[in-house]
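Numbering (the working numbering), first residue to last: 50 to 123. Note that beta-carbon positions come from the ideal geometry of N, C-alpha and C, so glycine has one too. Taking it in order: structure first as structure tokens, then the write-up.
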């Protein structure tokens, strides 16, 4: 019974964490060749020569920016 309670708690916490990540604000470069989303302080994002937008992770993935940046998400 105690083990089952721990399992349910772990599943609920992971579900809540996953949903919170989907609504986290990230930044994307509006370049047609970019494919990553970034944190605000990212060196890679500073090199963007196009417009930069703030969106949720879910929106970024919908826009084709479906990979976290290799610099700021190490």
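inquiry  = Using 8 Å for Cβ pairs, my map puts residue 87 next to residue 93. What's the rounded Cβ distance?
reply    = Right, the Cβ-Cβ distance comes to about 6 Å (below 8 Å), so this counts as a contact.
Item to complete: Give me the Cα-Cα distance between residue 110 and residue 123, rounded to the nearest whole angstrom.
Response: 18 Å
**Prompt:** Would the beta-carbon of residue 120 fall within 7 Å of that of residue 97?
**Reply:** no
Residue 120 in three-state terms, based on DSSP:
coil
Practice problem: Quick one: using the 10 Å Cβ neighbour count with 16 as the cut-off for buried, is residue 85 buried or exposed? | Solution: A buried status is given to residue 85, since no fewer than 16 other beta-carbon atoms sit within 10 Å of its beta-carbon.
Subject >> Euclidean distance between Cα positions of residue 79 and residue 95 >> reply: Rounded to the nearest angstrom, the two C-alpha atoms are 13 Å apart.
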